[in-house]
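Take 5 as the starting number for the sequence shown in this note's numbering and just add one per residue. I have placed the structure first, in the form of structure tokens, so that the comments after it can refer back to it.
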Amino acid sequence: MPEAIWISFAFGLGLLVKAVGLPPLVGYLAAGFVLSGLSAATDITIEATDALDHIAHLGVLLLLFTVGLKLKLRSIVSPEVIGGSLLHFAITCAIFTPGIYLLLELPWKTALMLAIALSFSSTVLAAKVLETKRELRAFHGRVAIGILIMQDLIALVVMSLAAGQTPSQWALIVFGLPLLRPVLFRLLDASGHDELLVLLGLLLALVLGGLGFESVGLSSELGALVFGAMLANHPRSQELSKSLWSVKEVFLVGFFLQIGIGGLPDGDALLFAVIAGLMLPLKGILFFFLLLLFRLRARSGFLSSLALTNYSEFGLIVASIALPEWLVPLAISVSLSFLFSAPLNRFSHTLFERFAHGLSRFEGSKHHPDEQPLSLGDTRVMIMGMGRTGTAAYDWLSEEQPKLMGLDSDPAKATQHQKQGRNVVFADAEDASFWNGLHMPAVESVILAMGDIEGKLIAARMLRKMGFKGFIVAHTMYEDEARQIREAGADEAYLTMSETGVALASHLMDETPAKPSLLLGKSEKA
């Protein structure tokens, strides 16, 4: 069975590249090429079947649907996101198109489509890198994701134009889809948290979005994105996205396998990929200076640009519709860009620290509003990280300590806390420039309640480096992390689950003072 061969090779090579720190999809592409090579060198017939084509198409639709679920206006309506993405797209096409035309002697239209495909950055790679480092909500992470969403929208427009579909008169129904939003919200609320939630996502992405739009002469990719965007503002949109994550990833394996099985790269394809790889640093440099133009500091501009310095799987999707004969060269280019980008992003903070002095010289005198120095005034207690733990600590302390301030790296969360009456501001504890601009003359105690261990370690070290002599306390899930936090400078690091158990027991004793049998039973069992 061909499916058994596909799964075996995809898993084996995916696992192999993951072991060296690369995204598994590089392995899936490689698996397709290996299978194509085996077919050419032996009597084994391995080819893309209708089933694989269908799976690949479903993967693309689910990818676009999950992109739509993240499509919140506040994440893209900002000068650095809209201006940075559009300017980068225009400049890249203006430079790459004549270069490809002259170098490869291709028609202008083909050269333009190749330039467009190479202008996009990888949503999958950037999102995974930022999520692994817990930087999706940091300022530079939000800028990078916003630019990626803008690029996805541009790619969708290009795909719709390239497909050349003529909408039917029934396509006007699409303009009435916003009226269905309350119904979709009710369906999402009623679907629970298990398999019905996944089935709802498949129904909206593949049936109503994909097949529905196709039936009225519109792009199925556009339909999947639209139905995802209609749910983007629902509180459970991210839960739906996470529930579809593994299904989408499995189907996308078919897309990458399909490309490789389509044929082995020849000398021209490899030459194209090498040239595209050599041009990759220019892509990152252009992003860096465009973001500085929009008043980002060098650190934010550098980290955002590094996350975007790669070629995109969306470029392959565009090529599959507009330039199918160029799929293999573009697939090799995307793979090489991942080989370049993934290791650099792993050490992005270290790289910036090494080159900070030189890069900071390009900063303007005015900084972005989200990156201004912070003064805590007469604040006595500072809480870093306003998730569930930080919020609980804030609410409990606010009864006794009015001079209290919370900090969080998610501006939307900080704004929500402010609306609820809490004194919370945006700040990224992992940003060295934040610490350089921090003024905290009256702070006596600090609670480190961020979700990631790296943020707590950086905060503890920087506080002590600034000369802070007050009390620093943190929480964590693991004993080894607690030890690291104390070594970084914290006075205490408590284990979250242990403290929860103690709190539960104390509530029990408070509520049952007249029942000594509880203690007696405990003593007898001991």
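Glycine is no exception: its CB is placed at the ideal position from the N, C-alpha and C atoms.
For residue i: DSSP bridge partner residues
i      : result
GLU496 : VAL477
VAL322 : In DSSP, VAL322 forms no bridge with anything.
HIS443 : SER379
SER449 : VAL385, PHE475
PHE430 : ASP412
Three-state class that DSSP yields for residue i in the structure shown
i      : result
GLY63  : helix
VAL257 : helix
SER379 : strand
PHE344 : helix
LEU524 : Residue confidence for LEU524 is low, a pLDDT of 44 falling below 50, so the modelled location carries little weight; the figure read from the coordinates is stated next. Here LEU524 sits in helix by DSSP.
ASN349 : helix
ALA530 : Note on ALA530: pLDDT 40, under 50, position unreliable in the model; the coordinate value appears next. ALA530: coil per DSSP, three-state reduction.
PRO111 : coil
HIS238 : coil
VAL220 : coil
LYS246 : helix
LEU26  : coil
PHE298 : coil
TYR105 : helix
HIS361 : helix
THR127 : helix
Presumed contact (8 Å Cβ cut-off) between residue i and residue j, rounded CB distance
i      : j      : result
SER126 : ASN314 : 5 Å
VAL162 : VAL338 : The Cβ separation is near 17 Å, so there is no contact.
PHE69  : GLY319 : The pair is not a contact, with the Cβ atoms about 19 Å apart (cut-off 8 Å).
GLU483 : LEU499 : 7 Å
LEU62  : LEU210 : 6 Å
VAL385 : LEU401 : 6 Å
ALA492 : LEU461 : 5 Å
GLU367 : LEU296 : 6 Å
VAL38  : PHE15  : Actually they do not touch by this definition, with Cβ atoms about 13 Å apart.
Status (buried if at least 16 other CB within 10 Å, exposed otherwise) for residue i
i      : result
ASP432 : buried
ALA328 : For the sequence presented, residue 328 should be read as Pro rather than Ala. That one is exposed.
ALA148 : buried
TRP330 : buried
LYS469 : exposed
ALA464 : buried
PRO28  : buried
VAL30  : buried
Cβ-based neighbour list, residue i, same chain, cut-off 7 Å, excluding 5 preceding and 5 following
i      : result
ALA397 : ILE387, ILE451, ALA453
MET466 : TRP439
LYS370 : ARG299
LEU334 : ALA121, GLY319, LEU320, ALA323
LEU274 : ILE336
SER172 : VAL220, GLY221
ASP198 : none
Beta-carbon proximity list for residue i, same chain, < 6 Å, skipping 5 on both sides
i      : result
MET444 : LEU380
SER345 : THR313, ASN314
ALA166 : ILE325, ALA326
GLU485 : ILE457
PHE276 : PRO333
ALA494 : ALA464, ILE476, ALA478
Same chain, Cβ closer than 8 Å to residue i, neighbours up to 5 away in sequence not counted
i      : result
LEU73  : GLY232, ALA233, LEU235, ALA236, SER241, GLN242, LEU244, SER245
LYS529 : With a pLDDT of only 42 at LYS529, under 50, the local geometry of the prediction cannot be trusted, and the value read off the model is given with reservation. So the list is empty, once near-sequence residues are dropped.
MET409 : LEU380, THR383, VAL385, MET386, ILE387, ASN427, VAL428, VAL429
LEU310 : GLY288, SER345, LEU348, ASN349, SER352, LEU355
VAL71  : THR127, ILE153, ASP156, LEU229, GLY232
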